[in-house]
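> Those sequence lines, one after another, are chains Y and D.
Per the numbering used here, the first sequence starts with residue 62, numbered consecutively.
Per the numbering used here, the second sequence starts with residue 62, numbered consecutively.
2 protein chains.
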Amino acid sequence: MTDFAATRTQFHLPEGVIYLDGNSLGPLPRAAVARVARTMQDEWGEMLITGWNKAGWMDKPMAVGNRIARLIGAEPGSVAMGDTLSIKVYQALASALEINAPRKVILSDSGNFPSDLYMAQGLCRTLGDGYSLKIVAPEEVMEAIDETVAVTMITQVDYRTGRKHDMAAITTRAQKKGALTIWDLAHSAGAFAVELAKAGADFACGCTYKYLNSGPGGPAFIYVAPRHQDRARPALSGWQGHDAPFAFDLDYRPATGAERMRVGTPPILQLAALEASLDIWDTVDMAALRARSLALTDQFIAGVEAACPTLTLATPRDHAMRGSQVSFRHPEGYAIMQALIARGVIGDFRAPDIIRFGFTPLYTTHDEVAKAIEILAEIMAKSLWDRPEFKTRKKVT
Amino acid sequence: MTDFAATRTQFHLPEGVIYLDGNSLGPLPRAAVARVARTMQDEWGEMLITGWNKAGWMDKPMAVGNRIARLIGAEPGSVAMGDTLSIKVYQALASALEINAPRKVILSDSGNFPSDLYMAQGLCRTLGDGYSLKIVAPEEVMEAIDETVAVTMITQVDYRTGRKHDMAAITTRAQKKGALTIWDLAHSAGAFAVELAKAGADFACGCTYKYLNSGPGGPAFIYVAPRHQDRARPALSGWQGHDAPFAFDLDYRPATGAERMRVGTPPILQLAALEASLDIWDTVDMAALRARSLALTDQFIAGVEAACPTLTLATPRDHAMRGSQVSFRHPEGYAIMQALIARGVIGDFRAPDIIRFGFTPLYTTHDEVAKAIEILAEIMAKSLWDRPEFKTRKKVT
Numbered sequence: 062m063t064d065f066a067a068t069r070t071q072f073h074l075p076e077g078v079i080y081l082d083g084n085s086l087g088p089l090p091r092a093a094v095a096r097v098a099r100t101m102q103d104e105w106g107e108m109l110i111t112g113w114n115k116a117g118w119m120d121k122p123m124a125v126g127n128r129i130a131r132l133i134g135a136e137p138g139s140v141a142m143g144d145t146l147s148i149k150v151y152q153a154l155a156s157a158l159e160i161n162a163p164r165k166v167i168l169s170d171s172g173n174f175p176s177d178l179y180m181a182q183g184l185c186r187t188l189g190d191g192y193s194l195k196i197v198a199p200e201e202v203m204e205a206i207d208e209t210v211a212v213t214m215i216t217q218v219d220y221r222t223g224r225k226h227d228m229a230a231i232t233t234r235a236q237k238k239g240a241l242t243i244w245d246l247a248h249s250a251g252a253f254a255v256e257l258a259k260a261g262a263d264f265a266c267g268c269t270y271k272y273l274n275s276g277p278g279g280p281a282f283i284y285v286a287p288r289h290q291d292r293a294r295p296a297l298s299g300w301q302g303h304d305a306p307f308a309f310d311l312d313y314r315p316a317t318g319a320e321r322m323r324v325g326t327p328p329i330l331q332l333a334a335l336e337a338s339l340d341i342w343d344t345v346d347m348a349a350l351r352a353r354s355l356a357l358t359d360q361f362i363a364g365v366e367a368a369c370p371t372l373t374l375a376t377p378r379d380h381a382m383r384g385s386q387v388s389f390r391h392p393e394g395y396a397i398m399q400a401l402i403a404r405g406v407i408g409d410f411r412a413p414d415i416i417r418f419g420f421t422p423l424y425t426t427h428d429e430v431a432k433a434i435e436i437l438a439e440i441m442a443k444s445l446w447d448r449p450e451f452k453t454r455k456k457v458t
Numbered sequence: 062m063t064d065f066a067a068t069r070t071q072f073h074l075p076e077g078v079i080y081l082d083g084n085s086l087g088p089l090p091r092a093a094v095a096r097v098a099r100t101m102q103d104e105w106g107e108m109l110i111t112g113w114n115k116a117g118w119m120d121k122p123m124a125v126g127n128r129i130a131r132l133i134g135a136e137p138g139s140v141a142m143g144d145t146l147s148i149k150v151y152q153a154l155a156s157a158l159e160i161n162a163p164r165k166v167i168l169s170d171s172g173n174f175p176s177d178l179y180m181a182q183g184l185c186r187t188l189g190d191g192y193s194l195k196i197v198a199p200e201e202v203m204e205a206i207d208e209t210v211a212v213t214m215i216t217q218v219d220y221r222t223g224r225k226h227d228m229a230a231i232t233t234r235a236q237k238k239g240a241l242t243i244w245d246l247a248h249s250a251g252a253f254a255v256e257l258a259k260a261g262a263d264f265a266c267g268c269t270y271k272y273l274n275s276g277p278g279g280p281a282f283i284y285v286a287p288r289h290q291d292r293a294r295p296a297l298s299g300w301q302g303h304d305a306p307f308a309f310d311l312d313y314r315p316a317t318g319a320e321r322m323r324v325g326t327p328p329i330l331q332l333a334a335l336e337a338s339l340d341i342w343d344t345v346d347m348a349a350l351r352a353r354s355l356a357l358t359d360q361f362i363a364g365v366e367a368a369c370p371t372l373t374l375a376t377p378r379d380h381a382m383r384g385s386q387v388s389f390r391h392p393e394g395y396a397i398m399q400a401l402i403a404r405g406v407i408g409d410f411r412a413p414d415i416i417r418f419g420f421t422p423l424y425t426t427h428d429e430v431a432k433a434i435e436i437l438a439e440i441m442a443k444s445l446w447d448r449p450e451f452k453t454r455k456k457v458t
């Protein structure tokens, strides 16, 4: 059982703030500042170039990947750190398309994070030759997986609504139709226990600056299922993914395993911050995390619905379909979020009408949720937003 | 005139070490530790998600790029930070090939850093359709630029020998033959004044952890000449390079200018370390830097050649053809470098026979060079490496 009162003390949380935006940028682990300073002073400063071996920098992408593997149900050695999520999506897509030739369709949904779609569009244009991206509505994904689909590229949890796709069902359907799967875990890793290996996923990618609290611009990760590791071609074939990077051969020859997905020099300072966060994560039981996450989101949904009748829930009530965030719709969502932030409740707004709140058991408490509901209720009660004269005045101005 | 005694005090240099490997990993700027800690505590810790606007994180890739622009002779707004050098090479190559269609040949040389070649090989395979990488000897580059070449991809300074290509001459030749140019400035940026705009370069890329001292895994940069900025297609089309990233459109539409080359979330901690280094660079006169660099390398070449007759100079004597490093060849180069490191002189070894020394005027002194020559001479004099019985014994063991 995880002691969430204890994990909370390990984060710096500013005075007077209820932070419900850890699904966008996680807070600072208290130990991270000293950890990064130590990396800079004792390793970079003192070891200089020898830090690549002496301090183990060269091995960090796979060593840190192994710590993330537990959180996402991945086999040891199957997760490599580096670059950004968009880059890792590109590598996964290019690999999957080559493995699953001659199929040429990437299937995704309109709830996917746009950068994934942009990267797919860029790849299709580079590939030419009939490759295309097909975008359907989220609820149409299952049916749209047919024998023409080379790979599905799905973000498990919708960044706006918090709706969670059924990874096992989609993966099973894809396997039946001969399609491969790429799962974007941006809003999954650290939000609940992901079970990549159990579901039979082919590839996955994610970022670490949300639920995993690595700080702004922390490195991404990529998962390659063991059965694909030695045939996946990293389209971005950089020297750190070479079988012998320091042989300086003129020809590329991929490393064995997921390590071939490494590209350039790993970001050691950002990795050090991530490691400070993973020290906390190592103590967390994922079942307890999920139970607390659902209790927090249930509390928020019930409280807000009781107190704010004009807000419309955008997040599924069904636990099986919910990530670790709650979103409501309101035509004046932007102004409502501004009012909340002015009162110290930090969530965010996503156009056109969504106010979004992340619930992160490592540091969010039930007391904070109760207080956030109270403040939101006050704002909604005092506001003119739901009165007809407000709308009239808006039209005049 | 730059005060190099003053710049030296702004770096942490370990006791008892003569560091001649700043061409591989620059040392720690003293101010960087506090700068990164401040970014973590005052920005990430206190501002949380609002740091993207309040602390200017979102604008860092272009703002920092503008500070590097001065060092490489680039127009304001033409340099974007992010990712790694390999990724930026891929973007430059993909853009150049599309601009210069229907030509399909990438020309490079065997002295190029292998990762550039690997990225080109990966791109050609993704493009298919007859795209190819042609590799010639460094001295054959000029002649090999003909009407079939779409783009030349040249690292200005050879990472092994320190031989410097003539950027102006190669670019002029390329223009005459209708080829575009991509310059890898890994061993140029911060080594001497690069003049991209003056030479008429089309694209350039570089890293910041060598002469620019941003620390292990610091971000790369990409230069796009203004005339190409609004038609260059970033093959890696991520949301940070979108014209309106927070509109979350489903379709990619590139930002104006070089900013379209941004991909994912920028590495704010690594950028903070780089900024501490750029505070020092802002005080440096590039002509003075070059004069001191040549004086240091001249001193080393003359001293070593006088004292160590069995070492063969691999670096050009001609100033116009020399970067800011000196390399010597010796069959026992690896063992010689190990002996040097044991005596506190840090350079590095590149197979099969090169010992390599970087000279970085911001912190390397003539006294250090004299001492390094003395130590190297002692090692060579005492060693058995050049005696026939050593070679005989080696064969026996």
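C-beta atoms are modelled at their ideal positions from N, C-alpha and C, and glycine is treated no differently.
#1: For a cutoff of 8 Å on Cβ pairs, would you count residue 439 of chain Y as touching chain D?
#2: Listed from N- to C-terminal order along the chain, which residues in the segment 407 to 421 of chain Y have their beta-carbon within a distance smaller than 8 Å of any beta-carbon of chain D?
#3: Can you tell me the Cα-Cα spacing of residue 198 of chain D and residue 173 of chain D, whole angstroms?
#4: Look at residue 94 of chain D and residue 102 of chain Y and say whether their C-beta atoms are less than 8 Å apart.
#5: When the Cβ atoms of the segment 142 to 158 of chain D are set against those of the segment 318 to 326 of chain D, are three or more pairs found closer than 8 Å?
#6: Which of the three DSSP states, helix, strand or coil, is assigned to residue 361 of chain Y?
#7: At which residues does the alpha helix (DSSP H) containing residue 398 of chain D begin and terminate?
#8: Would you please verify whether the beta carbon of residue 88 of chain D is less than 8 Å from any beta carbon of chain Y?
#9: Return the chain-ordered list of same chain residues with a C-beta closer than 6 Å to the C-beta of residue 314 of chain Y, the five sequence neighbours on each side being excluded.
#10: Out of curiosity, what's the CA-to-CA distance linking residue 259 of chain Y and residue 134 of chain Y?
#11: Can you list, in chain order, the stretches of the beta strand (DSSP E) that have 3 or more residues and sit fully within the segment 362 to 393 of chain D?
#12: Using three-state DSSP, classify residue 233 of chain D as helix, strand or coil.
#13: Look up residue 69 of chain Y in the DSSP assignment and say whether it is helix, strand or coil.
#14: Of all the alpha helix (DSSP H) runs that stay within the bounds of the segment 106 to 135 of chain Y, which reach a length of 4 or more residues?
#15: What whole-angstrom Cβ distance do residue 169 of chain D and residue 196 of chain D have, given they're in contact under 8 Å?
#16: If you check the beta carbons only, do residue 369 of chain Y and residue 437 of chain Y fall under 8 Å apart?
#17: Just to make sure I have the definition right: I need the residues of chain Y whose C-beta is within less than 8 Å of the C-beta of residue 182 of chain D. Which are they?
#18: Listed from N- to C-terminal order along the chain, which residues in the segment 93 to 118 of chain D have their beta-carbon within a distance smaller than 7 Å of any beta-carbon of chain Y?
#19: Show which residues of chain D have a CB atom less than 8 Å away from the CB atom of residue 148 of chain Y.
#20: Kindly indicate which three-state DSSP category residue 309 of chain D falls into: helix, strand or coil?
#21: Residue 266 of chain D bridges to which residues according to DSSP?
#22: Please report whether the beta-carbon of residue 253 of chain D lies at a distance below 8 Å from any beta-carbon of chain Y.
#23: For residue 423 of chain Y, collect the residues of the same chain with a Cβ closer than 6 Å to its Cβ; drop the 5 residues on either side in sequence, then sort them by chain order.
#24: Helix, strand or coil for residue 151 of chain D, going by three-state DSSP, please let me know.
#25: Give me the residue from Y/237, Y/214 and Y/62 with the minimum Cα distance to residue 245 of chain Y.
#26: Out of D/120, D/309, D/381 and D/426, which one is the CA nearest neighbour of residue 299 of chain D?
#27: Residue 456 of chain D: buried (16+ other C-beta within 10 angstroms of its C-beta) or exposed?
#28: Scan the segment 279 to 298 of chain D for residues whose Cβ lies nearer than 9 Å to a Cβ of chain Y and list them as they occur along the chain.
#29: What residues in the segment 322 to 354 of chain D have a beta carbon less than 8 Å from any beta carbon of chain Y?
#30: Per DSSP, what are the beta-bridge partners of residue 80 of chain D in this structure?
#31: Look at the Cβ atom of residue 289 of chain Y, then the Cβ atom of residue 206 of chain Y, and state whether they are nearer than 8 Å.
#32: Can you say whether residue 458 of chain Y is buried or exposed, counting buried as having 16 or more other CB atoms within 10 angstroms of its CB?
#33: Find the residues of chain Y that neighbour residue 168 of chain D, judging by a C-beta separation of less than 9 Å, and give them in chain order.
On the basis of the supplied data:
#1: Along the first sequence, one-based indexing puts residue 439 of chain Y at 378. For residue 439 of chain Y, the answer is no, since every Cβ of chain D falls outside 8 Å of its Cβ.
#2: Cβ contacts with chain D come from 407, 409, 411 and 412.
#3: Taking the first residue of the second sequence as 1, we reach residue 198 of chain D at position 137. Taking the first residue of the second sequence as 1, we reach residue 173 of chain D at position 112. A direct Cα-to-Cα measurement between residue 198 of chain D and residue 173 of chain D gives close to 10 Å.
#4: Indexing the second sequence from 1 puts residue 94 of chain D at position 33. Indexing the first sequence from 1 puts residue 102 of chain Y at position 41. Taking C-beta atoms as the reference points, residue 94 of chain D and residue 102 of chain Y count as a pair closer than 8 Å.
#5: Yes: the two stretches touch, three or more of their Cβ pairs being nearer than 8 Å.
#6: For the purposes of this step, residue 361 of chain Y is taken as the residue at position 300 of the first sequence. Here residue 361 of chain Y sits in helix by DSSP.
#7: Position 337 of the second sequence, counted from the start, is the residue given in the question as residue 398 of chain D. Residue 398 of chain D -> alpha helix (DSSP H) spans 394 to 403.
#8: Numbered from 1 along the second sequence, position 27 holds the residue referred to as residue 88 of chain D. True, the Cβ-Cβ gap to chain Y drops below 8 Å.
#9: Here residue 314 of chain Y refers to the residue found at position 253 of the first sequence. Here the set comprises 304.
#10: Counting from 1 along the first sequence, the entry for residue 259 of chain Y is found at position 198. Counting from 1 along the first sequence, the entry for residue 134 of chain Y is found at position 73. Their Cα atoms are separated by approximately 7 Å.
#11: Taken in chain order, the complete beta strand (DSSP E) segments of 3 residues or longer contained in the segment 362 to 393 of chain D are 386 to 390.
#12: Numbered from its first residue, the second sequence carries residue 233 of chain D at position 172. In this structure, residue 233 of chain D counts as helix in the three-state DSSP scheme.
#13: Locating residue 69 of chain Y in the first sequence gives position 8, where the first residue counts as 1. Look at residue 69 of chain Y here: in three-state DSSP terms it is helix.
#14: 112 to 115 and 121 to 133, all fully within the segment 106 to 135 of chain Y.
#15: As a first step, residue 169 of chain D is located in the second sequence; it is residue number 108 there, counting from the start. As a first step, residue 196 of chain D is located in the second sequence; it is residue number 135 there, counting from the start. In this structure residue 169 of chain D touches residue 196 of chain D by the C-beta definition: roughly 5 Å separates them, less than 8 Å.
#16: Along the first sequence, one-based indexing puts residue 369 of chain Y at 308. Along the first sequence, one-based indexing puts residue 437 of chain Y at 376. Result yes, Cβ atoms of residue 369 of chain Y and residue 437 of chain Y sit closer than 8 Å.
#17: Here residue 182 of chain D refers to the residue found at position 121 when the second sequence is read from its first residue. Chain Y residues near residue 182 of chain D: 298, 312 and 313.
#18: Under the 7 Å Cβ criterion, the segment 93 to 118 of chain D contributes 93, 94, 97, 98, 101, 102, 105, 106, 107, 109, 110, 112 and 118.
#19: Looking up residue 148 of chain Y in the first sequence gives position 87. Ordered by position in chain D, the residues that pass the 8 Å Cβ test against residue 148 of chain Y are 144, 148, 297, 299, 324 and 325.
#20: Within the second sequence, numbered from 1, the residue matching residue 309 of chain D stands at position 248. In the three-state scheme derived from DSSP, where H, G and I count as helix and E and B as strand, residue 309 of chain D is classed as coil.
#21: If you number the second sequence from 1, residue 266 of chain D lands on position 205. Answer is D/245 and D/283.
#22: Taking the first residue of the second sequence as position 1, residue 253 of chain D is located at position 192. Nearest CB-CB separation between residue 253 of chain D and chain Y: not below the 8 Å threshold.
#23: Along the first sequence, read from residue 1 onward, the residue named residue 423 of chain Y stands at position 362. Hits under 6 Å: 68.
#24: Residue 151 of chain D sits at position 90 when you count from the first residue of the second sequence. Residue state, collapsed to three classes: helix.
#25: Numbered from its first residue, the first sequence carries residue 245 of chain Y at position 184. Nearest Cα to residue 245 of chain Y within the set Y/237, Y/214 and Y/62: Y/214.
#26: Reading the second sequence from its first residue, position 238 is the one you call residue 299 of chain D. Across the set D/120, D/309, D/381 and D/426, the C-alpha of D/309 shows the shortest separation from the C-alpha of residue 299 of chain D.
#27: Locating residue 456 of chain D in the second sequence gives position 395, counting from the first residue. For residue 456 of chain D, the pLDDT reaches just 46, beneath the cut-off of 50, and the residue's location in the model is therefore unreliable, although a value from the coordinates is still provided. Counting every other CB atom within 10 Å of its CB across the protein chains shown gives residue 456 of chain D a total below 16, marking it as exposed.
#28: Near chain Y, meaning a CB-to-CB distance below 9 Å, the residues of the segment 279 to 298 of chain D are 279, 280, 281, 294, 295, 296, 297 and 298.
#29: Taking a C-beta cut-off of 8 Å against chain Y, the contacting residues of the segment 322 to 354 of chain D are 324, 325, 326, 327, 328, 329, 330, 331, 332 and 334, listed in chain order.
#30: Numbered from 1 along the second sequence, position 19 holds the residue referred to as residue 80 of chain D. Residue 80 of chain D has D/407 as its beta-bridge partners, per DSSP.
#31: Locating residue 289 of chain Y in the first sequence gives position 228, counting from the first residue. Locating residue 206 of chain Y in the first sequence gives position 145, counting from the first residue. Contact check for residue 289 of chain Y against residue 206 of chain Y fails: the beta carbons are separated by 8 Å or more.
#32: Translated into the one-based positions of the first sequence, residue 458 of chain Y becomes position 397. With a pLDDT of only 38 at residue 458 of chain Y, under the threshold of 50, the placement of this residue in the model should not be trusted; the figure read from the coordinates follows. Result: exposed.
#33: Locating residue 168 of chain D in the second sequence gives position 107, where the first residue counts as 1. Against residue 168 of chain D, chain Y offers no close residue; the least beta-carbon distance is about 14 Å (beta-carbon pairs closer than 9 Å).
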